Each structure stands twice: as structure tokens, then as C-alpha cells.
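*Asks:*
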Amino acid sequence: MRTARKKTALSRSRSHMSQALYERALPANRTGALYGAFPYPTKISPEAIALFIAAHTKPGDTVFDGFAGSGTTGLAALLCEDPSTAMRAEAERMGLDVKWGARNAVLYDIGGLGSFIARTLTNPPDPKAFVEAAETILADAEANDAWLYRAKDPAGESGVIRYVVWTEKLRCTRCRRTTTMWDACVGLSPARIASDFTCRYCGHRMALDDAGRPRESTVDPITGEARTPRVRVPAQVYGITGRKTWSRPTTKEDLLLIKRIERETIPPSVPLVKIPWGDLYRSGYHEGLTHLHHFYTRRNLLAFARMWDRTSAYEGPVGEALRFWLLSYNASHATIMSRVVAKSGQKDLVITSAQPGVLYVSGLPVEKNVLLGFRRKLKTIAEAFQIVKSRKGKVVVEQRSSCRVNLPNNSIDYAFTDPPFGGNIPYAEVNFLNEAWLNRCTDTQEEIIVSKHQQKSMQEYEALMTRAMKEIHRILKPRGKVTVVFHSAAAEVWNALQGSYQRAGFRVERTSILDKTQGSFKQVTTKGAVRGDPLLLLTKGAWQPKELRDVWDVAEKLRTEAYRISDPEEVTAQRLYSRFVTHFLNCEQPVPLDAESFYEWLAAKNVGEVIGAQAG
Numbered sequence: 004m005r006t007a008r009k010k011t012a013l014s015r016s017r018s019h020m021s022q023a024l025y026e027r028a029l030p031a032n033r034t035g036a037l038y039g040a041f042p043y044p045t046k047i048s049p050e051a052i053a054l055f056i057a058a059h060t061k062p063g064d065t066v067f068d069g070f071a072g073s074g075t076t077g078l079a080a081l082l083c084e085d086p087s088t089a090m091r092a093e094a095e096r097m098g099l100d101v102k103w104g105a106r107n108a109v110l111y112d113i114g115g116l117g118s119f120i121a122r123t124l125t126n127p128p129d130p131k132a133f134v135e136a137a138e139t140i141l142a143d144a145e146a147n148d149a150w151l152y153r154a155k156d157p158a159g160e161s162g163v164i165r166y167v168v169w170t171e172k173l174r175c176t177r178c179r180r181t182t183t184m185w186d187a188c189v190g191l192s193p194a195r196i197a198s199d200f201t202c203r204y205c206g207h208r209m210a211l212d213d214a215g216r217p218r219e220s221t222v223d224p225i226t227g228e229a230r231t232p233r234v235r236v237p238a239q240v241y242g243i244t245g246r247k248t249w250s251r252p253t254t255k256e257d258l259l260l261i262k263r264i265e266r267e268t269i270p271p272s273v274p275l276v277k278i279p280w281g282d283l284y285r286s287g288y289h290e291g292l293t294h295l296h297h298f299y300t301r302r303n304l305l306a307f308a309r310m311w312d313r314t315s316a317y318e319g320p321v322g323e324a325l326r327f328w329l330l331s332y333n334a335s336h337a338t339i340m341s342r343v344v345a346k347s348g349q350k351d352l353v354i355t356s357a358q359p360g361v362l363y364v365s366g367l368p369v370e371k372n373v374l375l376g377f378r379r380k381l382k383t384i385a386e387a388f389q390i391v392k393s394r395k396g397k398v399v400v401e402q403r404s405s406c407r408v409n410l411p412n413n414s415i416d417y418a419f420t421d422p423p424f425g426g427n428i429p430y431a432e433v434n435f436l437n438e439a440w441l442n443r444c445t446d447t448q449e450e451i452i453v454s455k456h457q458q459k460s461m462q463e464y465e466a467l468m469t470r471a472m473k474e475i476h477r478i479l480k481p482r483g484k485v486t487v488v489f490h491s492a493a494a495e496v497w498n499a500l501q502g503s504y505q506r507a508g509f510r511v512e513r514t515s516i517l518d519k520t521q522g523s524f525k526q527v528t529t530k531g532a533v534r535g536d537p538l539l540l541l542t543k544g545a546w547q548p549k550e551l552r553d554v555w556d557v558a559e560k561l562r563t564e565a566y567r568i569s570d571p572e573e574v575t576a577q578r579l580y581s582r583f584v585t586h587f588l589n590c591e592q593p594v595p596l597d598a599e600s601f602y603e604w605l606a607a608k609n610v611g612e613v614i615g616a617q618a619g
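When we follow the numbering used here, the leftmost residue of the sequence shown carries the number 4, and every step to the right adds one.
#1: Per DSSP, which residues does P30 bridge with? Please list them.
#2: Consult DSSP for S339 and reduce its assignment to one of helix, strand or coil.
#3: Just confirm the distance between the C-beta atoms of Y464 and I452, as a whole number of angstroms; I'd bet it's less than 8 Å.
#4: Three-state secondary structure (DSSP) at P368?
#5: So the candidates are R96, L588, R309; which of them puts its Cα closest to the Cα of Y504?
#6: Determine the DSSP secondary structure at E401, reduced to helix, strand or coil.
#7: According to DSSP, which residues form a beta bridge with I354?
#8: Thinking C-alpha only, which one of I243, S220, L304 is nearest E290?
#9: In chain order, what residues of the same chain lie with their CB nearer than 6 Å to the CB of R582, ignoring the 5 residues before and after it?
#10: List the endpoints of the continuous beta strand (DSSP E) containing M209.
#11: Is it the case that the stretch 142-158 contacts the stretch 98-110, given that we only count it when at least three CB pairs across the two stretches are under 8 Å?
#12: Look at the alpha carbon of K530 and the alpha carbon of K46, and state the distance between them as a whole number of angstroms.
#13: So W440 packs on P274, CB below 8 Å; how close in whole Å?
#14: What ranges does the beta strand (DSSP E) occupy inside the stretch 240-305, keeping only unbroken runs of at least 3 residues that lie completely in it?
#15: For a minimum of 3 consecutive residues, which ranges assigned as the beta strand (DSSP E) are wholly contained in the stretch 374-459?
#16: Which value, in whole angstroms, describes the spacing of the CA atoms of R394 and S73?
#17: Measure the C-alpha to C-alpha separation of W546 and L500 and round it to an integer number of angstroms.
#18: Report the residue from G425, R246, R174, R230 whose alpha carbon sits nearest the alpha carbon of L211.
#19: Within 10 Å of its beta-carbon, does H336 have 16 or more other beta-carbons around it, so buried, or fewer, so exposed?
#20: If you draw a straight line from the alpha carbon of D312 to that of Q239, how long is it in whole angstroms?
#21: Going by the beta-carbon positions, is the gap between F70 and T585 smaller than 7 Å?
#22: Between which two residues does the alpha helix (DSSP H) harbouring A466 extend?
#23: For K131, which of V511, A144, L325, I339 has the nearest alpha-carbon?
#24: Beta carbon of F56, beta carbon of A80: below 7 Å?
#25: Going by alpha carbons, who is nearest to R403 out of R443, Y566, R153?
#26: Ignore the nearest five residues each way along the sequence and tell me which others in D143's own chain have a CB closer than 7 Å to its CB.
#27: Could you give the first and the last residue of the continuous alpha helix (DSSP H) run that contains D556?
#28: Expressed to the nearest angstrom, what Euclidean distance is found between the alpha-carbon atoms of R177 and F200?
#29: Are L110 and D156 close, meaning C-beta to C-beta below 7 Å?
#30: Please classify H659 as buried or exposed, where buried requires at least 16 other C-beta atoms within 10 Å of its C-beta.
#31: When you compare each of T268, L29, G77, A23 to A418 by their alpha carbons, which one comes out closest?
#32: So what's P49 in DSSP terms, helix, strand or just coil?
#33: According to DSSP, is F41 helix, strand or coil?
#34: Would you mind giving the Cβ-Cβ distance between F327 and T123, rounded to the nearest angstrom? I have them listed as a contact below 8 Å.
#35: With DSSP as the reference, label L540 as helix, strand or coil.
#36: Taking C-alpha atoms, which residue in K61, F41, L24, N32 lies nearest to K380?
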């Protein structure tokens, strides 16, 4: 009798925690060493995931993530052992009576890069040994390769290049004469990048997109093949002398240094591989980019390859951690996908990293000093390793398909996962630049994606997702639950997800929103994008659709409720659509509208109310 009462009390306690956890949008900050150690698309902060793990499990339990990406679910399981003050405070604020303590995790990711990041970050080497090795490598690089980034400042004093802004050449559509994008479209004090320009030779005004892009015939120094890439030239050099930063136009000395670099032999460690172009290829700005090394300037390719070669002196966890360190900077900062942007109120252009989830090369690519970048990144990675090292929880990472899980039935206590969002990001293509250096590429046969290039339609996507969901159902204990984070602006993608978990034997118990404080590139810029990722709490059991009112009645009810809440985020179109989606999923009903259609209705509704108020 006492045991039965205990079980009933425990069940009520868990139900109360579950309600507290899902009744409001949970903040997920994109800050801290663990989050910043390695850039990866659609990543969630491990501290936020840890709250879900702590609320749904007890110390010693095992968590599964079949779409582990860079391993944040594993990090979250480890954080439960000794949570930060901020994590404890958030749990207390939400009324979560959790038992902190070490949890274990099993992570699957089909990607070569994702599994490498997850394995290294959740099972790091001794931080001190890692830093000592990294400092040795940096000292050797700075002694032998620092000349690659030498430059004179405007006063003629010796300085160090921080970065160089390159520029595409443009051809006037009328007179056919050439200029550069920098000269034609860039202004400083205040900073601006114009979308059109006037030819300085004939006065013809044209849109930047309409201007011709001259190409040059050359012989690839690595492949030995002829190629005709777009013409790019260095435009502006940014450097530092002592503690003083400076910038100036390119000089003859800069060009002579580039000529000298071109005579240097490229190390054989540079992967000589073709880019597996697929869904991300654009005939415009990807012209002439056929091999991995085309994403680098000659200077940065040389510097990166020499650094990569230096890591070969180290084996085991330290060697893997050193390569993790270099790759954490590689695709985002060492390639010509780095860029500058013009921000309001700024005198100069602002340097930034590559756009996540795409392989975009702008007309003003940036060549960063990778030696300075590696030194800056070292502190963050060492701090991340220090946070994780010596935790008692065990995290197992496997590069495997989530459609074929090598775990026993009923062996997992809880699952937290962030599945791929239809055709939103082709991870195998995006991660190629780093995977080629690792020689650990992704097998795309069971990559769960909507892809024209892979000939996978929404039906194939849903079929593969169903297999993955069935595997989670199989390995989950009878009372185990699954938290799914998902993001899409397309109703058909949501309905494919819904069909997959329903056929696997799951029903929706609760829904909520993960409130990311900084949207991804696609969440910010894509037409019809959604901000705030819906959360689904799934449990085993037969689903039963609930009766619904008219679609527009539901939309209006959600809009009205949002205006009663004193939170400006709740009344944004993006948040309202996320609430709209979770409402239908919670009722086990198909999502009836894409984000774009919902936004059109909302805009018309808001305009109508304004007109009505003015008329009154």
C-alpha cells in the first residue's frame, strides 16, 4: 500500500514538473564555452537541454539522441552532475524539483563531422596537456609562418595583418569596362554596401546583380587543370601594430607578398577532392569553385595545411582535440566564406564569419589571419574541455544511422532529439569542408532529408523519419518519454514529422516553445521563417485526434491570447505561428497552413484593425 502511494506521489510530482517545464517558452541562450567551442547549424545550448533531462530522468539514467549533431545532448547529460548557478536558478524559477546528478548518454549521428565533434567534446583530453600541445604548435607556426601575414601600417611601420577584404571585379553592361565591387559599391564613414552603382566610365547605372563578373583563365596549381574562376583582388588591408589597429588600401608590397606566397609549395596533406555539389550549388557565386582548396586564398590554405601537419605529431585524445581546435575555426573563418557587412551607425564595415547552413561566398570575401584566430579560439576550447573533464557520466558517440540503432529493447530512460527539418540544411554538403580534412565523410544513403540532388522527396523523408522514430520507440522503456525540438515554415514538413511519430506508436503529451535568443541565419532572413522552435513531449500510446474549431477561429484565439500577455515576443508573427503549429500537433491534427499563409492572414487582420480604429 505504501509502495503504491509512493508511486502515485512520484507520478504526480513528475506530472507537475512536466507541466511547469512545458507551460511557457524556455530560454536557450547561445553563449558560453560549450556552445562556442565549435560552430554547428541549429545547435541548442546544452544548459537548456539539461533542464529537460533533469526533469525527465533521475541520476544514473541513460538518455538517447538519434540526431546528435555536435553532441549537445551528451554535454547536457554531463552538466546534470554539477549544474551551474544559472541552471539551478532557472530550475527553481520554473518550479522544477529535480534531482541533480550524473546521467549517461548514447549519441548517434550519421555525419562524420557531427560525430567527431560530439565524441571529442564529450570525452575530452586532459585540458592542460591539450593547451601545452597547442601552444607548442602555435609557437612553431609563429616562428616559421608569421611572415605570411606581415604588412606595413600607413606610417610605414611593420605590423601584422588581421584580415584582408578581397573584392570581385565587375563589368559594366554597356561599355564593358571593369571596376571592383569595393570601388563601385562600398563606402566608409558611414559604412555602406550599395546594391546598385554607376559606371565611372560611361555613367550607366545598373543593379549589382546585373553587372558582369570577369573571369580569368588559369592553371590550377594543385590539380594542374585549366579553370576560369571569377576575378578577385585584395582591396583593403586591416592590421595591427603594437596595440594600434589600422586599415589602408592594398599596396604594391602587399601584392608582392601574395606573389611570393604563390611560389610556396602546398603541403600534400591538402585534400585533393572535388566538392560534392548538390542542393546548395548556385551558378552565380559558386562559379569556378570545383575543389575544396578553391574555398581558400593561397595564403590561408598554406597556413592551415601547415598547422594541420603539425598535429600529426600527437596521437590519441590530444591529437583529436588539436584537430578539433583547427576545424572549429576552419570553415567559418579560414575560408573565403568569411565576409563583411555594413551595419547602421558604423563608420567601417563589420567583419563576420561564414553564414551557417549554407556555402555562401560574397562579392567581398574576407581573408582572416588564421594564426591570430587559432590563438583566440584556444581559450574557449580549453575552457570547454575543463568544464567537461572528470564528469562521472558516460557518453557514447557513434557515427551511425538513427534508422538502425544498435541498442537493446527497453534500454533507454529518455530521449531528447532535434531531427533534421526537411530540406532546411543539407548537412553532408555543408560539412564537407571539414569532413574532407578528417577523411570522415557522411554516408548520405540514410540521411533524413528532402533533397532534389539526392532524389529524396517528402515521402522518402517521412519514411526514413518513421524508421528512426520506430527505433526510438523500441529502445525506450515503457514509461520513457521523448522531447522533440523541430523547426519548419512548411506545413507539409510538420505533417511528415507528425505522421512519422504517430506511426511509430507515439502520441503528444505536451507542447511548448524553445525560445532561442538569437535566430539562425535562415530563421532571420528566409521569407516565412519561424522564430522559436516548437517542442513536443511524446509518450508511448495510441493517438486520438481532438475536435477542432475552424482554422481561422483557432488563429484568432491564439492572437487574442498573445495580446493579453505582457511579452512583446509573444505577439510577433513568428512566435504566433509556432503557437499555431503546436496547437494543432497537441490536438493530433495536421498543421493546415504554411508560415507564409499565416503571416498574410495576420498582416491583413492587423491592418484591418488599424483602419477600423482610425475610422472610429
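In this text, a Cβ means the ideal position worked out from N, Cα and C, and glycines have one as well. Computed from a predicted model, the values in this text were never measured in an experiment.
*Replies:* Taking the geometry as given:
#1: D518
#2: The residue asked about is misnamed: residue 339 is Ile in this sequence, not Ser. DSSP places I339 in coil when its eight states are reduced to three.
#3: 6 Å
#4: strand
#5: L588
#6: strand
#7: V343
#8: S220
#9: L561
#10: 208-210
#11: no
#12: Confidence at K530 is low in this model, with a pLDDT of 45, below 50, so the placement of that residue is unreliable and no value is reported for it.
#13: 6 Å
#14: 247-252
#15: 398-401, 415-420
#16: 18 Å
#17: 14 Å
#18: R174
#19: buried
#20: 30 Å
#21: no
#22: 461-478
#23: L325
#24: The sequence as given places Ile at residue 56; Phe does not occur at that position. The answer is yes: Cβ separation under 7 Å.
#25: R443
#26: R313
#27: 554-567
#28: 13 Å
#29: no
#30: Past the boundaries of the shown model lies residue 659; the chain is included only from 4 to 619, so the question cannot be answered.
#31: G77
#32: helix
#33: coil
#34: 4 Å
#35: strand
#36: F41
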